[in-house]
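Each remark here refers to the structure printed beneath this line.
Protein chains: 4
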Amino acid sequence: MRVKDENKQEAIFRATIKLVNEIGLVASSVAKIAREARVSPATIYIYYQNKEDLLVSTYLRIKREMGQAMLQNLNTDQPLRDIFRQAWFAMFDFFKSHQDYFRFVDQFSNSPFISKLETKEVEDAFGPLMALVQKGIEQKIIKNVNLNLLAVFLFYPIYTLSNARLCPNWKLDEANIDQAFSMAWDAIKL
Amino acid sequence: MRVKDENKQEAIFRATIKLVNEIGLVASSVAKIAREARVSPATIYIYYQNKEDLLVSTYLRIKREMGQAMLQNLNTDQPLRDIFRQAWFAMFDFFKSHQDYFRFVDQFSNSPFISKLETKEVEDAFGPLMALVQKGIEQKIIKNVNLNLLAVFLFYPIYTLSNARLCPNWKLDEANIDQAFSMAWDAIKL
Amino acid sequence: MRVKDENKQEAIFRATIKLVNEIGLVASSVAKIAREARVSPATIYIYYQNKEDLLVSTYLRIKREMGQAMLQNLNTDQPLRDIFRQAWFAMFDFFKSHQDYFRFVDQFSNSPFISKLETKEVEDAFGPLMALVQKGIEQKIIKNVNLNLLAVFLFYPIYTLSNARLCPNWKLDEANIDQAFSMAWDAIKL
Amino acid sequence: MRVKDENKQEAIFRATIKLVNEIGLVASSVAKIAREARVSPATIYIYYQNKEDLLVSTYLRIKREMGQAMLQNLNTDQPLRDIFRQAWFAMFDFFKSHQDYFRFVDQFSNSPFISKLETKEVEDAFGPLMALVQKGIEQKIIKNVNLNLLAVFLFYPIYTLSNARLCPNWKLDEANIDQAFSMAWDAIKL
DNA sequence: GATGAATGAGTGTTCATTCAT
DNA sequence: CATGAATGAACACTCATTCAT
Numbered sequence: 003m004r005v006k007d008e009n010k011q012e013a014i015f016r017a018t019i020k021l022v023n024e025i026g027l028v029a030s031s032v033a034k035i036a037r038e039a040r041v042s043p044a045t046i047y048i049y050y051q052n053k054e055d056l057l058v059s060t061y062l063r064i065k066r067e068m069g070q071a072m073l074q075n076l077n078t079d080q081p082l083r084d085i086f087r088q089a090w091f092a093m094f095d096f097f098k099s100h101q102d103y104f105r106f107v108d109q110f111s112n113s114p115f116i117s118k119l120e121t122k123e124v125e126d127a128f129g130p131l132m133a134l135v136q137k138g139i140e141q142k143i144i145k146n147v148n149l150n151l152l153a154v155f156l157f158y159p160i161y162t163l164s165n166a167r168l169c170p171n172w173k174l175d176e177a178n179i180d181q182a183f184s185m186a187w188d189a190i191k192l
Numbered sequence: 003m004r005v006k007d008e009n010k011q012e013a014i015f016r017a018t019i020k021l022v023n024e025i026g027l028v029a030s031s032v033a034k035i036a037r038e039a040r041v042s043p044a045t046i047y048i049y050y051q052n053k054e055d056l057l058v059s060t061y062l063r064i065k066r067e068m069g070q071a072m073l074q075n076l077n078t079d080q081p082l083r084d085i086f087r088q089a090w091f092a093m094f095d096f097f098k099s100h101q102d103y104f105r106f107v108d109q110f111s112n113s114p115f116i117s118k119l120e121t122k123e124v125e126d127a128f129g130p131l132m133a134l135v136q137k138g139i140e141q142k143i144i145k146n147v148n149l150n151l152l153a154v155f156l157f158y159p160i161y162t163l164s165n166a167r168l169c170p171n172w173k174l175d176e177a178n179i180d181q182a183f184s185m186a187w188d189a190i191k192l
Numbered sequence: 003m004r005v006k007d008e009n010k011q012e013a014i015f016r017a018t019i020k021l022v023n024e025i026g027l028v029a030s031s032v033a034k035i036a037r038e039a040r041v042s043p044a045t046i047y048i049y050y051q052n053k054e055d056l057l058v059s060t061y062l063r064i065k066r067e068m069g070q071a072m073l074q075n076l077n078t079d080q081p082l083r084d085i086f087r088q089a090w091f092a093m094f095d096f097f098k099s100h101q102d103y104f105r106f107v108d109q110f111s112n113s114p115f116i117s118k119l120e121t122k123e124v125e126d127a128f129g130p131l132m133a134l135v136q137k138g139i140e141q142k143i144i145k146n147v148n149l150n151l152l153a154v155f156l157f158y159p160i161y162t163l164s165n166a167r168l169c170p171n172w173k174l175d176e177a178n179i180d181q182a183f184s185m186a187w188d189a190i191k192l
Numbered sequence: 003m004r005v006k007d008e009n010k011q012e013a014i015f016r017a018t019i020k021l022v023n024e025i026g027l028v029a030s031s032v033a034k035i036a037r038e039a040r041v042s043p044a045t046i047y048i049y050y051q052n053k054e055d056l057l058v059s060t061y062l063r064i065k066r067e068m069g070q071a072m073l074q075n076l077n078t079d080q081p082l083r084d085i086f087r088q089a090w091f092a093m094f095d096f097f098k099s100h101q102d103y104f105r106f107v108d109q110f111s112n113s114p115f116i117s118k119l120e121t122k123e124v125e126d127a128f129g130p131l132m133a134l135v136q137k138g139i140e141q142k143i144i145k146n147v148n149l150n151l152l153a154v155f156l157f158y159p160i161y162t163l164s165n166a167r168l169c170p171n172w173k174l175d176e177a178n179i180d181q182a183f184s185m186a187w188d189a190i191k192l
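Following this line, the structure appears as structure tokens:
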């Protein structure tokens, strides 16, 4: 029997991301993704149950890679502020070198497909960090307010600032990220 | 010569928003919008060049109404902090009483159509407020950093907090909004 | 507005029957029917909800025409045997001049679509005749057995004999039909 | 009687019949038949040229088995009427215990594939019986009419009466079959 | 101005069949 | 012999848009 060509699945994965980046999620049809991956439309249905499965799987793989990249090498033996600061830089680094991932996630998160997933997105990616936030509250370093509220100031700004459309005049250099993080910290610190 | 029927255009406007709220932007076809507005599909093409024009125009009208609502009754004869605080409450009020507008904007902002517009969204809605921000910088009340950066902490949290999907555990009552605004202010104040 | 072109619906009706006759019901796709009717596939969906509706509607129209043709001019003021004999000739007449109708019904009756309809086929078409059968039983002219059983010998042979594939060596001339009817009558008469 | 079907071809044969019974001939794709037979789709193409060959071969094998079953134990040393009567009971018996065969034949007979076969169906199954019919004509026991016509009354009713869809109110018990056969005999006897 | 009819191009998905191992 | 991977063509159906009145 013919052996499963891993290159094909990888090609489909890359084609999906590339196309969503170029023409958007809505316009990315199965036929176009297949053409981009130089594969028959039917081949996609060997690796994925249907279009939804293709997109959800692609999203989950990206999320997994994102989570790993962000928490990797995170030294938790330092003051809380420094831990979060380090996480910020790791995330901006990741977004800078995976802008295609970022745009895919951005599109997917606002598509009808997102509702097929649990609303654990934030928790999944930031889960370990949220535990640290909780600790910060107990140690009276961070304001004792709703966790959603803290996430809005501590994590969401990273997305917004990484979005070139929303912040066209803001450059992602080290000084700027440092400055931005300071503001986030001012917002949440006691 | 018969004059364009304002009622029809209004019906199309309302139907567009209603349908996008009920079934999402992607699933909202011209035919369905027409049916919802009790109008022929062809009629829509009298008032709008094409589907893109219909959606963009609808979006811009909402944005215009939003901007007006927010700045209305805004008393600028008070300390800067109080002005912004008042604007926050006005926006949350507006979103609460126009959830359909909010959801439409949410969907539209993450559609391919958004790229058809200049990136003046923020400025359009927050233009007058941004002028006040500028004044705050000069008066050394607000941090002297990039305006995009200030907007990220002063205005974007309003969107995020209003989004029930992103902040399911955060209720929009007066105490909470006050608390949230305090954090935003901490982020931007010198 | 453009007026509904009755020719188009008629063309679709004819094309459906023609194609089912030529290539069979299974192979008759919407696209092929549209091409045969010189119409866009989308046009079919103006007149019918979906493929099932197209086929079921076509079937019902044929059945209606068949029922009318068979009972038309049926003189019930004669001996029972003569009434049925007359009905036999009417049916063979109809099948001879509407072989395409016949083959469509034949295919449809053995398709999954048939289960969408009540099992009143026979009753619908033969309803009035079955009432006469009942009367014959009461008058002790016809055997007092299950009605299904009587229909099997009195009516189904008409279908079988009309089917050129099943009875290739039997010609539908007057003498033969008369002979066949005699056998049917022998089967059911007391 | 086979105890195991380790043979792959046998598994394919059984899977084909089972699937056609469960989901119908139209919906029975090669891939589904292969899955049901726990075999690769490609394997089917080792034993059969293509899908048509698979179905036609399956049909012919069933027909062969049917013919054998019906003539088995047929005692021809009795009056003609009793011979046919015995054949009737044998067929109803066969259909009752091989409803899956019956349903497959029913579906196949009304598919486009049937036209790929010579019209010898009846002769194949009823060949030996037709010889007896011929003898009955010569002995002036049976009406001297076209053989197709005799088959229509002597054999086709068996199919119709066995079809639960066509005769929902007729039960296949011994008394009913006897009654039905009497009617068939009345139809053909001189 | 307003309409429903009409459409070609596109959608996601399945098909019978072949390929390479 | 036997397989799962791979595919182009087809499927039923919907789309944004234009036509004819």
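Protein chains in written order, with the working numbering: chain A, 3 to 192; chain B, 3 to 192; chain C, 3 to 192; chain D, 3 to 192. Even glycine gets a Cβ: it sits at the ideal position worked out from N, Cα and C. Keep in mind the model is a prediction, meaning the values are calculated, not measured.
Only L151, V154, F155, Y158, P159, T162, L163, R167, C169, P170, N171 and W172 from the region 151-177 of chain C bring a Cβ to less than 7 Å from some Cβ of chain D. Taking the C-beta atoms as reference points, F97(D) is found nearer than 7 Å to F104(D).
The C-beta of G26(B) comes closer than 7 Å to at least one C-beta of chain A.
For N23(C), no chain D residue has a Cβ inside 8 Å of its Cβ, as the nearest lies near 12 Å away. Along the region 27-39 of chain A, going in chain order, the ones with a CB nearer than 7 Å to a CB of chain B are V28 and A29.
Chain order gives the chain C residues near V147(D) as Q181, where near means a beta carbon separation below 7 Å. For the C-beta of D188(D), the chain C residues within less than 7 Å are, from N- to C-terminus, D188 and A189. Among the bridge pairs identified by DSSP, K191(B) is matched with I144(B). By the rule that beta-carbons nearer than 7 Å mark a contact, N112(A) touches chain B. In this structure, DSSP gives R66(C) a helical state, which the three-state scheme calls helix. Within chain A, the residues placing a beta-carbon under 9 Å from that of M185(B) are K145, V147, L151, L152, V154, F155, D188, A189 and I190, ordered along the chain. With 16 or more other Cβ atoms inside 10 Å of its own Cβ, N112(B) counts as buried. Boundaries of the alpha helix (DSSP H) harbouring Q101(B): Q101 to S111, taken from the DSSP string. Taking a contact to require three or more Cβ pairs closer than 8 Å, the region 159-178 of chain B and the region 45-65 of chain B do not qualify as touching. Less than 7 Å separates the beta-carbon of W172(A) from that of L151(B). Judged by beta-carbon spacing, A189(A) lies within the 7 Å limit of M185(B), meaning their Cβ atoms are closer than that value. For the C-beta of Q109(A), the chain B residues within less than 8 Å are, from N- to C-terminus, N112. Shown here, K20(A) sits in a helix according to DSSP, grouped into three states.
Non-local C-beta neighbours of F128(D) in its own chain, meaning closer than 7 Å and more than five positions away in sequence, comprise A153 and F157, ordered along the chain. In the displayed model, K118(D) falls within a helix according to three-state DSSP. In this structure the region 54-61 of chain C lies against the region 15-26 of chain C, because at least three pairs of beta carbons, one per stretch, are closer than 8 Å. Annotation for R37(B): the continuous alpha helix (DSSP H) segment containing it runs V32 to E38.
For F155(B), the enclosing alpha helix (DSSP H) begins and ends at L149 to L156.
The Cβ neighbour count for A166(B), taken over all protein chains shown within 10 Å, is under 16; the residue is labelled exposed. With fewer than 16 other Cβ atoms from the protein chains shown falling within 10 Å of its own Cβ, V5(C) counts as exposed.
When rounded, the separation of the alpha-carbon atoms in D175(A) and V147(B) is 14 Å. Within 10 angstroms of the beta-carbon of A29(C) lie fewer than 16 other beta-carbons, which makes it exposed. Scanning its chain for C-beta atoms nearer than 7 Å, with the 5 sequence neighbours on each side dropped, one finds around K142(B) the residues L192, in chain order. In the three-state scheme derived from DSSP, where H, G and I count as helix and E and B as strand, P159(D) is classed as helix.
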